[in-house]
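Peer 1: Protein chains in written order, with our numbering: chain E, 16 to 455; chain F, -12 to 348; chain D, 2 to 334.
Glycine residues also receive a C-beta, built at the ideal position from the N, C-alpha and C atoms.
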Amino acid sequence: MHTVKTFLLPDLGEGLTDAELLTWMVEIGDTVALNQIIAEVETAKASVELPSPYAGTVVALHAREGTTVNVGSRFIDISVESPDKIDSSPPTPDLPHTADRTPVLVGYGVAEESTSRRRRKVGTGTVTAPLVDRQKEFPGRPLASPPVRFVAKEYGIDLAQVNATGIHGDVTRDDLERHRNTASAERPTPNSRESISQAPSASISAAREEERIPIKGVRKHTAAAMVRSAFTAPHVTEFVTVDITPTLELLARLRETKHFSDVRLTPLALVAKALLVALRTNPSLNSHWDEDANEIVVKRFVNLGIAAATPRGLMVPNIKNAHTLALRDLALALSDLTTTAKEGKTGPLDLSEGTITITNIGVFGVDSGTPILNPGEAAILCFGSIRRQPWEHQGEIALRSVTTLSLSFDHRLVDGEQGSTFLSAIAHILSDPLSLIALS
Amino acid sequence: MFDNDELVQLVTETGQRLNHPEFSGYIDDIGIDAVRALYEDLVVVRRIDSEATALQRQGELGLWAPLLGQEAAQVGSARALHSEDFVFASYREHGVAYCRNVDPTHMLRFWRGSTHSGWNPYEYRMTTPAIIVGAQALHATGYAMGMQFDGTDGATITYFGDGATSQGDISEAFGFAASFNAPVVFFCQNNQWAISEPVSVQSRVSIATRGRGFGVPSVRVDGNDVLAVIAVTRAALARAREGSGPTLIEAVTYRMGPHTTSDDPTRYRSAALDEEWRLKDPLDRIRALLESADAIDDSYLAAVQQKADDTAAALRRGCLETVEPKPMSLFDNVYAESHSLIDDERRQFAEYLDSFEGTDA
Amino acid sequence: MSTDQSTTTPTILPLGKALNAGLRRALENDPKVVLMGEDIGKLGGVFRITDGLQKDFGPIRVIDTPLAESGIIGTAVGLAMRGYRPVCEIQFDGFIYPGFDQIVSQVAKLHYRTSGNVKMPITIRVPYGGGIGAIEHHSESPEGYFAATAGLRVVTCSNASDAHSMIQQAIASDDPVLFFEPKRRYWEKGPIASDAASTPLHKARVLTRGSDATLLAYGPLVMTALQSAKVAADEGRSIEVIDLRSISPLDIDTVAESVRRTGRLIIAHEAPVFLGIGAEIAARINERCFYHLEAPVARVGGFTIPYPPAKLEEYFLPDVDRILDAVDRTFTA
Chain E
16 MHTVKTFLLP DLGEGLTDAE LLTWMVEIGD TVALNQIIAE VETAKASVEL PSPYAGTVVA
76 LHAREGTTVN VGSRFIDISV ESPDKIDSSP PTPDLPHTAD RTPVLVGYGV AEESTSRRRR
136 KVGTGTVTAP LVDRQKEFPG RPLASPPVRF VAKEYGIDLA QVNATGIHGD VTRDDLERHR
196 NTASAERPTP NSRESISQAP SASISAAREE ERIPIKGVRK HTAAAMVRSA FTAPHVTEFV
256 TVDITPTLEL LARLRETKHF SDVRLTPLAL VAKALLVALR TNPSLNSHWD EDANEIVVKR
316 FVNLGIAAAT PRGLMVPNIK NAHTLALRDL ALALSDLTTT AKEGKTGPLD LSEGTITITN
376 IGVFGVDSGT PILNPGEAAI LCFGSIRRQP WEHQGEIALR SVTTLSLSFD HRLVDGEQGS
436 TFLSAIAHIL SDPLSLIALS
Chain F
-12 MFDNDELVQL VTETGQRLNH PEFSGYIDDI GIDAVRALYE DLVVVRRIDS EATALQRQGE
48 LGLWAPLLGQ EAAQVGSARA LHSEDFVFAS YREHGVAYCR NVDPTHMLRF WRGSTHSGWN
108 PYEYRMTTPA IIVGAQALHA TGYAMGMQFD GTDGATITYF GDGATSQGDI SEAFGFAASF
168 NAPVVFFCQN NQWAISEPVS VQSRVSIATR GRGFGVPSVR VDGNDVLAVI AVTRAALARA
228 REGSGPTLIE AVTYRMGPHT TSDDPTRYRS AALDEEWRLK DPLDRIRALL ESADAIDDSY
288 LAAVQQKADD TAAALRRGCL ETVEPKPMSL FDNVYAESHS LIDDERRQFA EYLDSFEGTD
348 A
Chain D
2 MSTDQSTTTP TILPLGKALN AGLRRALEND PKVVLMGEDI GKLGGVFRIT DGLQKDFGPI
62 RVIDTPLAES GIIGTAVGLA MRGYRPVCEI QFDGFIYPGF DQIVSQVAKL HYRTSGNVKM
122 PITIRVPYGG GIGAIEHHSE SPEGYFAATA GLRVVTCSNA SDAHSMIQQA IASDDPVLFF
182 EPKRRYWEKG PIASDAASTP LHKARVLTRG SDATLLAYGP LVMTALQSAK VAADEGRSIE
242 VIDLRSISPL DIDTVAESVR RTGRLIIAHE APVFLGIGAE IAARINERCF YHLEAPVARV
302 GGFTIPYPPA KLEEYFLPDV DRILDAVDRT FTA
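1) Among D:K312, D:N21 and D:A77, which has the Cα closest to the Cα of D:T124?
2) If contact is defined by three or more beta carbon pairs under 8 angstroms, each pair taking one atom from either stretch, is the stretch 53 to 71 of chain F in contact with the stretch 98 to 109 of chain F?
3) Counting C-beta neighbours from all protein chains within 10 Å, is the total for E:N309 16 or more, i.e. buried, or is it exposed?
4) For D:A148, which residues of its own chain have a beta-carbon under 7 angstroms away from its beta-carbon, when the five flanking residues on both sides are left out?
5) Per DSSP, what kind of secondary structure is D:V321 in: helix, strand or coil?
6) With 7 angstroms as the threshold, decide whether the Cβ of E:H183 is near any Cβ in chain D.
7) Just the Cα atoms here: how many angstroms apart are D:K33 and E:L27?
8) Tell me whether F:L48 sits in a helix, a strand or coil according to DSSP, three-state version.
9) Are the beta-carbon atoms belonging to E:T419 and E:G434 less than 7 angstroms from one another?
10) Between E:A337 and E:L291, how many whole angstroms is the CB-CB distance? I'm expecting something under 8 angstroms.
11) Could you spell out the range, first to last residue, of the alpha helix (DSSP H) harbouring F:M132?
12) Going by DSSP, which residues form a beta bridge with F:Y146?
13) What number of angstroms, rounded off, separates the C-alpha of F:A225 from the C-alpha of F:G133?
14) When the Cα atoms are used, what is the spatial distance from D:S162 to D:A269?
15) Return the Cβ separation of F:I144 and F:V172 in integer angstroms, given the expectation that the two are a contact with Cβ distance under 8 angstroms.
16) So what's F:E(-7) in DSSP terms, helix, strand or just coil?
17) Please list the segments of the alpha helix (DSSP H) lying wholly inside the stretch 243 to 284 of chain D, counting only runs of 4 or more residues, in order along the chain.
18) Using a Cβ-Cβ cut-off of 6 angstroms (strictly less than) and excluding sequence neighbours within five positions of E:D148, which residues of its own chain qualify?
19) Along the chain, where does the beta strand (DSSP E) containing E:N462 start, and where does it finish?
20) With D:L325 and D:S212 assumed to form a contact (beta carbons below 8 angstroms), what rounded beta-carbon distance in angstroms separates them?
21) At the level of alpha carbons, what is the spacing between D:D320 and D:K312?
22) Mind checking F:L266: buried by the 16 CB within 10 Å criterion, or exposed?
23) By DSSP's criteria, F:W264 is part of a beta bridge. Which residues make up the other side?
24) Sort F:L(-3), F:A227, F:I236 and F:S77 by Cα distance to F:R199 and report the nearest one.
25) Looking at the C-beta of D:I243, does it have a partner C-beta in chain F at a distance below 7 angstroms?
26) Is it true that the stretch 145 to 153 of chain F meets the stretch 59 to 66 of chain D, where meeting means three or more beta-carbon pairs spaced less than 8 angstroms apart?
27) Opposite E:Q404 in the DSSP bridges: which residues?
28) Below 7 angstroms CB to CB, which residues in the same chain sit around D:K184 once its five sequence neighbours on both sides are set aside?
29) Are D:Y292 and E:L191 close, meaning C-beta to C-beta below 7 angstroms?
30) Measure from the C-beta of F:A41 to each C-beta in chain E and report whether the shortest distance is under 7 angstroms.
31) How is the beta strand (DSSP E) around E:E271 delimited, first residue to last?
32) When the Cα atoms are used, what is the spatial distance from E:P448 to E:R193?
33) Are D:G95 and D:H138 closer than 7 angstroms when you measure CB to CB?
34) Going by C-alpha to C-alpha distance, which of E:V378, E:L366 and E:W39 sits closest to E:T281?
35) Using a Cβ cut-off of 8 angstroms, which residues of the stretch 150 to 177 of chain E contact any Cβ in chain D, in chain order?
36) For E:A54, which residues does DSSP report across the bridge?
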């Protein structure tokens, strides 16, 4: 009975990964004795003779002289005449990563890194040996993780008052949230418009007729900002209605040119440009009231905010240093800003350090409004819808593209004359866009 | 006897018997039959060494430290010992292990990486291969002091190489042994090489001189002359047993093979030097001695060969049939008594292993 | 003289003499116990810890060795293999390093290496720590190196009673024990409790109960910790003091139980804070008591500098002020 045994090239010197086969000392068909030298190989350390691990007949040689052989690869096949009781591969223990190791018996060399996780048994928890002791008795003190303690401190909540539901008997984040919600829910709602028609005992039916949305996230922030702004800065709003037809004509022409061929050029871009140019001679509209320092900060750079509706709510991302941008770059920046906002990817950096804002309500078909300032800014320009309207044009009545611009400003920083001058400057540019050449 | 560097020799390279005024007396009892037995020892030890080397080349061992050329130094000294003596070895004393009756099936598991210790030292009264160079000399000295406290006439012998004599622990061992008059034999196999460094790097004087410097009587012997080695070792052991304290034996021999199977001697020594020492081969001279005494015949040689083959087969079988350690055995025997950190880690690791599919921890 | 044990006043001894008495008991109880070290015989040791022992037990049981730490430990290994129970003295903490290899490569590993066939019942006594105005290399705290070596046990006494019982328990252990003795406390007197041996060698001990914070110390700083707690009490703060006693194995359960009650842990040791024993304890308590902690675990210890000259020592060593400063910081974290 014959068994063919394959001898795999072993690691010959503590970590070697291959060897060069110098010479075969046997040929296929030769009878070999145990330990008879079958080949000479050269490793990084030395030239080494390989003795045969089996007695038998050579049936295959797996490498050519002069080539490099990897440790663990097939080297020679020897047909062993009687079934050899001693397997040259003693059973390796059922170790993890056995399949990942080069199948060499000792002098393992470096085992390969595993590239995946071993499968856990069904029913095992996701982890063994929990880090934190599970306690059955709890001290008189409340338990909580460091972040929860921090949040509680910030909100001035006494952890001892909070109902703890954590598996360690600890107060969790959710426990804190719940505690805060219940605390505020217990206060009466200040403006329930239905209070006259609805008796308190109708609260069961009321539950079906109203929806309660927790105040949090972006809406909460926006609301807070609005309140801050509305009740700190004295707002004044001025309006101007402009024949914007020349601007639209110019935009149409520009869109045909190569320079703007890959750019989405909208009226908003030109409104923004007009605003930026007008700011140069009206810097008070780009300033900030620093109550703490008791100073007015006039900013020499313009980070132009554009009010945007995002999936998370109203946000005002701004274009940094918009005053340095040529029309094309401005249009590109507007485009990017809008896309990013629509995708909900507006980041904190985008939202900070704005100096002036434009809000475009025209896209909703609304003419004008009394916008509230973005907190910390001096002015906000509201750009309304563009309508075809009968208008005075060169002494005649003609259908012209007309729009209303609404400018709110902080009367502490901007007086009436400054505000008006600024607004009419914008209007002038929009009614005669070529005047930009003179103003630039 | 132990105050000069004369190289003690009782058999020449060509197998002629010599007489030595002081040491011949120690082998008066060794007749031709005993020499035949010694020759068999030398052949078997050489065979153990070549079989283990082959096993390494076949991927069954990670490493092997060959003793080729040093057979006589090891067999001679080991055959001088009494059974109650204790051997503190380094990592090359496979010949000594054979003579102490260490089962060949136990000899290779250390080199295979399956265990740190292939046998119970107390069973054969010999330590298992030790890697930290020179440390064992202090252990041997302490053990010998213990024997002395017990009032027995046992002795210890400790083996180390020429390189080891540079280690502080060897000097400290000489010092302690001399101070306490400990019954320890320091057996230095000066095989001329510490990996690639010749002995001249280790010492500017003979190694025997260094022993004498500490007040330890020292002798130089031809390490390839098995009879001379037996003689000086018996003399040293006799000194120990009678309470005369330690002795240093510098056995001058040659490491015919590489430091280990990972070493390449062609990088640092010449074939000419190797050839010079091949002419001093320890087996050849005893064979020549036996031939000139007409004490050798085919049946004897066949029997010797058979013994060598059988031993080699046992060695190979023991190696290949090694029961590899299980993962949980990682935590066994760190301490003699239970230790809470080990207990915790063992428990956690068992849980961890158990959480995977298809394991048998 | 009353024979009623319960009315006998416990003996009061300085820590050093308590060690001496404990060593004497060990020598009496087990003929295999041998002491070995430099100057321990005729001189009785530079701190007189082995005073009178060679006279009573002879030069074979109490051995003056050559000046060679590796030699002392290495021959102890041989003696242990021969069935003896060696108790080695390293004269000063800073001199242990020549013996480091024998300790970590041999003593620590022989039991494991030989699958339990060879035991190493060796005790290595080391006077350690500063506060004695010494010159260089005589004030080290090297316990970390040994606690980090698997196979060794590391313990340290803080008072006379523990010194007396722990040295005997260490010697009786079949495992190697590094026994660190707080040299600046050698002269501190304390009662030797008659039931001291009932406290296991590796158990930590709560010395005073408190509710506001747990203060953990070992060796020479236990006294300082107790003093700190007294001062804190006057300031209205209730501190629980624990004497760790055993570094390997670590009785983390006792510490965790205390921290669960107090919510704050301050660890003090002379060894540098960086990678000191406190770091391991802090990590474990962080895991075990995560939800119970009111503040991060604080550590007080030496700076990451070699031990300074005697004139600067007081600035290096944790004292009542440094410890209480750390306690304060756990309240304002």
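Peer 2: Taking the definition as stated:
1) Across the set D:K312, D:N21 and D:A77, the C-alpha of D:A77 shows the shortest separation from the C-alpha of D:T124.
2) Touching, no.
3) Under this definition E:N309 is an exposed residue.
4) Around D:A148: V155, I248, S249 and I278.
5) In this structure, DSSP gives D:V321 a helical state, which the three-state scheme calls helix.
6) Between E:H183 and chain D, the shortest Cβ-Cβ separation is below 7 angstroms.
7) One Cα belongs to D:K33, the other to E:L27, and the distance between them is close to 48 angstroms.
8) F:L48: coil per DSSP, three-state reduction.
9) The answer is no: Cβ separation not under 7 angstroms.
10) That pair is a contact at about 6 angstroms.
11) In the DSSP annotation of this structure, the continuous segment of the alpha helix (DSSP H) that includes F:M132 starts and ends at A122 to D137.
12) Under the DSSP definition of a beta bridge, F:Y146 partners with F:F174.
13) A straight line joining the alpha-carbon of F:A225 with that of F:G133 spans about 18 angstroms.
14) Cα to Cα, D:S162 sits roughly 21 angstroms from D:A269.
15) Right, their Cβ atoms sit about 4 angstroms apart.
16) Secondary structure at F:E(-7): coil, using DSSP grouped into helix, strand and coil.
17) As far as the stretch 243 to 284 of chain D is concerned, its whole alpha helix (DSSP H) runs of at least 4 residues are 253 to 263.
18) None.
19) Outside the displayed range of chain E (16 to 455) lies residue 462 of chain E, so it cannot be described from this structure.
20) Incorrect: roughly 17 angstroms between the Cβ atoms, too far for contact.
21) Rounded to whole angstroms, D:D320 to D:K312 spans 15 angstroms at the Cα level.
22) F:L266 is classed as exposed because its beta carbon has fewer than 16 other beta carbons within 10 Å across all chains shown.
23) By DSSP's assignment, F:W264 forms no beta bridge with any residue.
24) The option with the nearest alpha carbon to F:R199 is F:I236.
25) For D:I243, no CB of chain F lies under 7 angstroms from its own CB, so it is not counted at the interface with that chain.
26) Judged by Cβ distances under 8 angstroms, the stretch 145 to 153 of chain F makes no contact with the stretch 59 to 66 of chain D, as fewer than three pairs qualify.
27) Bridge partners of E:Q404: E:R415.
28) If the five residues before and after D:K184 are omitted, its C-beta is found closer than 7 angstroms to the C-beta atoms of F48, P128, Y129, G130 and I133, all from its own chain and listed in chain order.
29) Here D:Y292 is not near E:L191, since their CB atoms are 7 angstroms or more apart.
30) Nearest CB-CB separation between F:A41 and chain E: below the 7 angstroms threshold.
31) Careful: E:E271 lies outside any beta strand (DSSP E), inside the alpha helix (DSSP H) at T260 to E271.
32) Computed Cα separation, rounded: 57 angstroms.
33) Cβ distance < 7 angstroms, so D:G95 and D:H138 count as in contact.
34) Minimum Cα distance to E:T281 is reached at E:V378.
35) If the cut-off is 8 angstroms between Cβ atoms, the stretch 150 to 177 of chain E has Q150, P154, R156, L158, A159, S160, P161 and R164 near chain D.
36) Paired residues: E:W39 and E:L65.
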